[in-house]
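Taking it in order: structure first as structure tokens, then the write-up.
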Amino acid sequence: MSHHSDPSHEMYSEELSPDDVEALLTSGFGAPADAGLHQALGELRALPDHAATPAPSAQLSAFLDVHLTPSPEPTVDLAAPVVDLDASTPVHNVRRLPMIGQFAAFLGTLGGKICVGTTVAAASFGGAAATGAVDVPFFEEEPAQVETIELEEPDAVAFVDEEPVEENEVAEDVEPEPEKTVVEAPEPEADEAPEDDVDEKAEEPEPEEETLEEEPVEEVKPEEPAPATEPEKVEEPAEKHEEKDEEAEKKDEEHKDDEKEKDETSEKTPEQEAIQEQIAALDEALHIAKDAVRAEATELITPLELNRKNLVAALEADLEEIAAEWEPIVTDLEAQLEEAETDEEYLAIQADLEAAQDAWEEAHIAAELDADPAIAAIDEELERIELERDAELNRLIAEFLAAVEALEKG
Amino acid sequence: MPAKRSGDPAFGRALESARQGSPAGFEWLWRRFARQVTAFARVRGSDDPDGITNDVFLATFQRIDQFTGDEDAFVALLFTIARNKVIDEHRQRGRRPVTTALDPTAERTGGNTEDEALAGLGFGTRELLLQLTDDQREVLILRLVADLSLEQTAAITGRTVNATKALQHRAVNALRRKSSVEAVTK
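Here you go:
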């Protein structure tokens, strides 16, 4: 065996055991002397931090907030001043922006004090709506239009009938709980649902209401004022026959629900409506807060991206200038090389050609090295801003979801 | 080191919210895990890591009402889909990752598309990883980039826990030896 001649075997003749390796991978600790190993594992662990959150596709955006789609990249402006981006370049911290702090505090307050949630939300949105900055669905003025605009997704057609899209558009402000509220609180829905559903699902809600009318649900009949769209559907009995299977299932479920929940739900409906209003208000606050986070991040990102583009453009211009300087020389020497008549002449030209090529390459590399630190600094800064932005957005969403959960649990 | 996942109440809320179709729930899940999936796809040599990430989440979100499990199970699901999509992509371009036997003496110099994908790493680390077998690299990537447990990694790669443990054992010790050789050489 020649292990003694191999320094690595002398240093690490005792390999880590499988359990040591598992501990190292799980906790990051173990074999403290192996700096190279720790560096390799640490770099692998850090890879997700260096990966920007990709832009969601059109299909995926149907599930997400439409505002997730990143804003278009800034156009290259070569005339714009290139900011010196060394380590001393001041960069604002996204998390400390006062506006965001206010919204975060707002959400946190609501999450902790559910009792005053409605008041706070109403006050906030009253102010926002009064200034025209926000349209709040529960304000009297055109409540449903804002939601329709927000959800226009041209490429999301395939997902229109998916649950997330439905609820995104309708559920929160129109039909928070279709199974129950159709029976017990038909008045607001009868007014709003047909208008909102015209785009995509005009036929679905109506058969349910027809069913309710035809069925001997004694308490429902007198309460339903029969909206304008219903008589048109009543004139088409064929559709009803085709939908009998579905209707029968719904009837059974509704009858069961009716019997069990008549007393309870008639009392809870106002509470549920209040909760839904609070959730809607929270949702609106979340949107405002997220927009603020994105806007503030964009304010930081946009000039950085612009500077980066300018630096890259400047580098490309330098490289073109270098090429313009050396390319004719090299081309000329290459032509001379082909025309060389003697070996001595050939060797001399070849030496000149190699020298010229080396000089060109050196100039090229020098230009790249000169520009690289500034570009790398921008990339690092962009990475940091995006990480903080995403973390802040997820923190807001988490607080929103926690507040919603608290509200729903009462 | 990535934040540990177990017991995060925000995940439970986001998952439940997503099940009910709330965009907020979907967005939280997307922001929480998209980077890891992208990094995994990239370091595994995908030509389009962003596209794969989108496909993974789209497939997951479309069936999220059928999902039952905790955060670890959710992450395992994401990376199972991601791994399969990367393999499909390799197949489609005729450069499927080389599968090597669990031979402790087997070592293969890297040279597939991961060579380029590892460019985001430091030169020394990249050189070290490229000297591992593809299976060894995959296990390390799932453990460290995706932050999966040994059991999850075994399930995703279709190996037994013991085989996976042996694989990562050989990988880490190989890295250790090679890094020490480099240090001595320098």
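In order, the protein sequence lines correspond to chains A and B.
With my numbering, letter number 18 in the first sequence gets 18, and the count goes up by one each step, no holes.
So the mapping is simple: my numbering equals the position in the second sequence, first residue as 1, plus 410.
Where a beta carbon is used, it is the ideal one built from N, C-alpha and C, also for glycine.
What you are looking at is a predicted structure, and each value in this text was computed from that prediction instead of being measured.
Enclosing alpha helix (DSSP H) for residue i [first to last residue]
i: A:Ser-27; result: 18–27
i: B:Ser-427; result: 419–429
i: B:Asp-557; result: It is not in any alpha helix (DSSP H) - B:Asp-557 carries neither H nor E in the DSSP assignment.
i: B:Leu-487; result: 481–502
Contact with chain A by residue i, beta-carbon distance below 8 Å
i: B:Phe-649; result: There is no way to answer for residue 649 of chain B, as the model of chain B reaches only from 411 to 596.
i: B:Ala-449; result: yes
i: B:Lys-575; result: yes
i: B:Leu-540; result: no
i: B:Leu-552; result: no
i: B:Asn-583; result: yes
i: B:Ser-427; result: yes
i: B:Glu-561; result: no
i: B:Ser-410; result: This structure gives no information on residue 410 of chain B, because the portion of chain B shown stretches from 411 to 596.
i: B:Arg-493; result: no
i: B:Gln-446; result: yes
i: B:Arg-454; result: no
i: B:Val-555; result: yes
i: B:Ala-420; result: yes
i: B:Asp-460; result: yes
i: B:Gly-521; result: Any reading at B:Gly-521 must be qualified, since the residue scores a pLDDT of 38, below 50, and its modelled position is unreliable; the value itself is stated next. No, B:Gly-521 lies away from the interface with chain A (no Cβ there is under 8 Å from its Cβ).
i: B:Ala-564; result: no
Integer Cβ distance of residue i from residue j, believed to fall under 8 Å
i: B:Ile-491; j: B:Thr-470; result: 7 Å
i: B:Phe-467; j: B:Ala-444; result: 7 Å
i: B:Phe-460; j: A:Ala-402; result: Sequence check: residue 460 of chain B is Asp here, not Phe. Not really, about 30 Å apart at Cβ, beyond 8 Å.
i: B:Ile-474; j: B:Ala-428; result: 5 Å
i: A:Val-330; j: A:Trp-360; result: 7 Å
i: B:Leu-585; j: A:Leu-37; result: 5 Å
i: B:Leu-554; j: A:Leu-16; result: So it is not a contact: roughly 16 Å between Cβ atoms.
i: B:Asp-545; j: B:Leu-577; result: 6 Å
i: B:Phe-489; j: B:Ile-566; result: 6 Å
i: A:Ile-378; j: A:Asn-307; result: 6 Å
i: B:Ala-449; j: A:Ala-51; result: 4 Å
Coarse secondary structure for residue i, derived from DSSP in three states
i: A:Asp-372; result: helix
i: A:Ala-46; result: helix
i: A:Ala-62; result: coil
i: A:Leu-337; result: helix
i: A:Thr-302; result: helix
i: B:Asp-457; result: coil
i: A:Pro-54; result: coil
i: A:Phe-103; result: Residue confidence for A:Phe-103 is low, a pLDDT of 46 falling below 50, so the modelled location carries little weight and cannot support an answer.
i: A:Asp-379; result: helix
i: A:His-38; result: helix
i: A:Glu-362; result: helix
i: B:Ser-589; result: helix
i: A:Ala-316; result: With the sequence shown as reference, residue 316 of chain A is identified as Glu, and Ala is not the correct amino acid for it. Looking at A:Glu-316 - three-state DSSP - the assignment turns out to be helix.
i: B:Arg-536; result: helix
i: B:Leu-542; result: coil
i: B:Phe-471; result: helix
i: B:Thr-463; result: helix
i: B:Thr-567; result: helix
i: B:Arg-435; result: Note on residue identity: the sequence assigns Gly, not Arg, to residue 435 of chain B. Three-state DSSP puts B:Gly-435 in a helix.
i: A:Thr-269; result: helix
i: A:Glu-15; result: coil
i: A:Thr-342; result: coil
8 Å Cβ cutoff, residue i in contact with chain B
i: A:Asp-390; result: yes
i: A:Thr-53; result: yes
i: A:Pro-270; result: no
i: A:Glu-380; result: no
i: A:Val-21; result: yes
i: A:Ala-402; result: yes
i: A:Gln-59; result: yes
i: A:Ala-40; result: yes
i: A:Leu-369; result: no
i: A:Asp-372; result: no
i: A:Asp-332; result: no
i: A:Pro-56; result: yes
i: A:Leu-407; result: no
i: A:Glu-296; result: no
i: A:Glu-15; result: yes
i: A:Ala-281; result: no
i: A:Arg-45; result: yes
Residue i Cβ short of 7 Å to the ligand GDP heavy atom set
i: A:Glu-392; result: The model depicted lacks the ligand GDP and carries no ligand whatsoever.
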